[in-house]
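Heads up, the thing below is written out as structure tokens.
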Amino acid sequence: MSSYPISLNLAGKRVVVIGAGSVAARRVISLIEAGARVLVISPSSNSRIAELAQAGSLEFVERTYFKGDLDGAWLVHAATNDAQVNERVAADADAQGTWCIRADKAMLSEAWTPASTRVDEITVAVTAGGDPLRAIAIRDAIAEQLSQGLLPIRRVRPTDGHVVLIGGGPGDPDLITVRGRRELAKADVVVFDRLGPTSLLDTLSADVEQIEAGKRPGHHTLTQDEINAVIVDRALKGKRVVRLKGGDPFVFGRGSEEVQACIAAGVTVEVIPGISSAVAGPAAAGIPVTHRGLANGYVVITGHQLQDLTALAQLDLTLVVLMGVATLPELTSGLMQAGKSSSTPVALIEQASTPHQRVTVGTLSTICATASSVGVRNPAVIVIGDVVAVPNLLAAQSALAQSIR
Numbered sequence: 001m002s003s004y005p006i007s008l009n010l011a012g013k014r015v016v017v018i019g020a021g022s023v024a025a026r027r028v029i030s031l032i033e034a035g036a037r038v039l040v041i042s043p044s045s046n047s048r049i050a051e052l053a054q055a056g057s058l059e060f061v062e063r064t065y066f067k068g069d070l071d072g073a074w075l076v077h078a079a080t081n082d083a084q085v086n087e088r089v090a091a092d093a094d095a096q097g098t099w100c101i102r103a104d105k106a107m108l109s110e111a112w113t114p115a116s117t118r119v120d121e122i123t124v125a126v127t128a129g130g131d132p133l134r135a136i137a138i139r140d141a142i143a144e145q146l147s148q149g150l151l152p153i154r155r156v157r158p159t160d161g162h163v164v165l166i167g168g169g170p171g172d173p174d175l176i177t178v179r180g181r182r183e184l185a186k187a188d189v190v191v192f193d194r195l196g197p198t199s200l201l202d203t204l205s206a207d208v209e210q211i212e213a214g215k216r217p218g219h220h221t222l223t224q225d226e227i228n229a230v231i232v233d234r235a236l237k238g239k240r241v242v243r244l245k246g247g248d249p250f251v252f253g254r255g256s257e258e259v260q261a262c263i264a265a266g267v268t269v270e271v272i273p274g275i276s277s278a279v280a281g282p283a284a285a286g287i288p289v290t291h292r293g294l295a296n297g298y299v300v301i302t303g304h305q306l307q308d309l310t311a312l313a314q315l316d317l318t319l320v321v322l323m324g325v326a327t328l329p330e331l332t333s334g335l336m337q338a339g340k341s342s343s344t345p346v347a348l349i350e351q352a353s354t355p356h357q358r359v360t361v362g363t364l365s366t367i368c369a370t371a372s373s374v375g376v377r378n379p380a381v382i383v384i385g386d387v388v389a390v391p392n393l394l395a396a397q398s399a400l401a402q403s404i405r
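Residue numbering for the sequence shown follows the UniProt record's numbering, starting at 1 and increasing by one per position.
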């Protein structure tokens, strides 16, 4: 049977629901969210409906249905567990020219509700020729793809500009958050770093403006001030701007400076956290930054500023250094001079979580020579501490377990 899909504005409209079971409760919640004035009539009440009535969100009349109950109704739901009552409600509604939705036999109704859900401001509604389970399956499949940003969800009509700072994680595109992926799909403009999950840019529409900010060691296409100016400029032109960064925006990502620039310009801005490479990088190499008996905490620093190595050398914590390949000799010698054992394990994890990941292991006294011989390059995460040995411990335990079997 062919039908005509339509959306209804129920704000302030009187909607009568006959029945107060679990199905009615689900319908009632949606009706209240749509702004309807809901009257529920039933001899007994579902606990959820009772709570809503007590809170003043709806009117509840505890009795059986009478014909006059539909007077003044803009929409009717027949949701009892008695087919004869539902049929009578539907007939009375039809006689007075009011749409009635039957919960038990939707296809016999003059109107019916699709399987629906909301993803952000998008409503997904599906009908499937009277097969509700099929409709639900299709609805869920579409909603999942919308949530993951796999379907085009950009606004077409002009809106006020807005900036979203997204932490893209350590590099693997699967490690961006679900919300981050969804917001990226809405972008009109993307200002990106090369350390982020740049392969996701290939999934965007051809008309999305993509601006490389650089942010590679020794190479910056744009200065930080220029980046701030670009994102503010595009937002003031009514664009939805995504600032896609590697790791987390607020962990050595200068995200707070970009937020300040937006606030100063009167541009709305939000931040979506990401998985910091300070934790994800070691994890991708099988190295925990904490491990009972080895390290009960960790410290994250940047290799650009190594002023307080004396204090760091005295801490019995894992030391994680970001952007530190260029200053590795200064870092290792400084820690040893400050009292750190020369045999302290060190790991360098290049391009963590990507197909090009490489792990180089040594000690404070040997890692510089080893790194030089194999040509270690940024981006790399440096891990210093006894936790570097954990992957070998786990491998040995696994081998022992296999031999026992």
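Virtual Cβ for every residue (Gly too), placed ideally from N, Cα, C.
These numbers come from a predicted model, not from an experiment.
Using three-state DSSP, classify residue i as helix, strand or coil.
{"i": "Q307", "result": "coil"}
{"i": "D207", "result": "coil"}
{"i": "I227", "result": "helix"}
{"i": "R240", "result": "strand"}
{"i": "L400", "result": "Bear in mind that the predicted position of L400 carries a pLDDT of just 48, short of 50, making it unreliable; the figure below should be weighed with that in mind. Here L400 sits in helix by DSSP."}
{"i": "T344", "result": "coil"}
{"i": "D202", "result": "helix"}
{"i": "I251", "result": "Per the sequence shown, the amino acid found at residue 251 is Val instead of Ile. V251: coil per DSSP, three-state reduction."}
{"i": "T318", "result": "strand"}
{"i": "R181", "result": "helix"}
{"i": "R194", "result": "coil"}
{"i": "P391", "result": "helix"}
{"i": "T332", "result": "helix"}
{"i": "V325", "result": "coil"}
{"i": "V289", "result": "coil"}
{"i": "A352", "result": "coil"}
{"i": "A313", "result": "helix"}
{"i": "L175", "result": "helix"}
{"i": "A25", "result": "helix"}
{"i": "A78", "result": "strand"}
Would you decide whether residue i is buried or exposed? Buried here means 16 or more other CB atoms lie within 10 Å of its CB.
{"i": "Y4", "result": "exposed"}
{"i": "K237", "result": "exposed"}
{"i": "P379", "result": "buried"}
{"i": "F252", "result": "buried"}
{"i": "R292", "result": "exposed"}
{"i": "R181", "result": "buried"}
{"i": "F192", "result": "buried"}
{"i": "L400", "result": "Low confidence applies to L400: its pLDDT is 48, below 50, so where it sits in the model is not reliable enough to give any reading."}
{"i": "T310", "result": "exposed"}
{"i": "A369", "result": "exposed"}
{"i": "Q84", "result": "exposed"}
{"i": "P355", "result": "exposed"}
{"i": "L133", "result": "exposed"}
{"i": "G130", "result": "exposed"}
{"i": "V361", "result": "buried"}
{"i": "G274", "result": "buried"}
Closest by CA to residue i, which one among the options?
{"i": "V23", "options": "A371, Q307, I101 and V89", "result": "I101"}
{"i": "R26", "options": "K13, Q96, A103 and D69", "result": "A103"}
{"i": "L348", "options": "K340, V359 and P132", "result": "V359"}
{"i": "D188", "options": "A90, D160, S372 and R377", "result": "D160"}
{"i": "A363", "options": "L31, P345 and V89", "result": "What sits at residue 363 in the sequence shown is Thr, not Ala. Nearest C-alpha to T363: P345."}
{"i": "T268", "options": "D233, S116, T310 and W99", "result": "D233"}
{"i": "E144", "options": "I29, I122 and G129", "result": "I122"}
{"i": "T127", "options": "I142, A206 and T64", "result": "I142"}
{"i": "L312", "options": "L328, A229 and A338", "result": "A338"}
{"i": "V325", "options": "E87, G168, V40 and H304", "result": "H304"}
{"i": "T203", "options": "L150, R377, L306 and G56", "result": "L150"}
{"i": "S341", "options": "Q357, I384, A284 and S205", "result": "I384"}
{"i": "D172", "options": "G196, V85, G56 and I367", "result": "G196"}
{"i": "G375", "options": "V388, S353 and L328", "result": "L328"}
{"i": "A229", "options": "E258, R254 and S116", "result": "E258"}
{"i": "D9", "options": "I32, I18, S365 and V17", "result": "Per the sequence shown, residue 9 should be read as Asn rather than Asp. N9 has its Cα closest to that of I32, out of I32, I18, S365 and V17."}
{"i": "T117", "options": "E209, S147, A206 and V361", "result": "S147"}
{"i": "N392", "options": "S353, T366, G169 and P288", "result": "P288"}
{"i": "S353", "options": "P152, G274, A283 and D308", "result": "A283"}
{"i": "S42", "options": "I29, I231 and R63", "result": "R63"}
{"i": "V271", "options": "G286, G247 and L294", "result": "G247"}
{"i": "S199", "options": "K245, A235, I231 and R179", "result": "K245"}
{"i": "I6", "options": "W99, D120 and G130", "result": "W99"}
{"i": "P152", "options": "D207, I211 and G129", "result": "D207"}
{"i": "A235", "options": "V190, V15, G214 and L58", "result": "V190"}
{"i": "A20", "options": "L58, T366, T177 and I231", "result": "L58"}
Original post:
Are the region 129-144 and the region 238-246 touching, with three or more C-beta to C-beta distances below 8 Å?
Top reply: no
Original post:
Unbroken alpha helix (DSSP H) runs of length 4 or more, entirely within the region 30-71: which are they?
Top reply: 47-54
Original post:
Would the region 107-116 and the region 161-174 be scored as touching if the rule is three or more Cβ pairs under 8 Å?
Top reply: no
**OP:** Quick one: which unbroken beta strand (DSSP E) runs of 3-plus residues sit fully inside the region 359-387? Chain order, please.
**Re:** 380-384
Original post:
Taking the runs of the beta strand (DSSP E) that are 3 residues or longer, which of them lie wholly in the region 260-285?
Top reply: 268-272
Original post:
Given 8 Å as the limit, is there contact between the region 89-99 and the region 33-43, that is, 3 or more CB pairs closer than that?
Top reply: no
Subject >> Stretch pair the region 70-87 + the region 52-60: three plus CB contacts closer than 8 Å >> reply: no
**OP:** Taking 8 Å as the threshold, find out whether the region 330-340 comes into contact with the region 255-266 through three or more Cβ pairs.
**Re:** no
**OP:** Just list the beta strand (DSSP E) runs in the region 81-158, keeping only unbroken ones of 3 residues or longer that don't cross its boundaries, in chain order.
**Re:** 99-102, 115-119 and 122-126
Original post:
Can at least three beta-carbon pairs, one atom from the region 289-302 and one from the region 311-321, be found at a separation below 8 Å?
Top reply: yes
Subject >> the region 219-235 contacting the region 276-290, beta-carbon criterion three pairs below 8 Å >> reply: no
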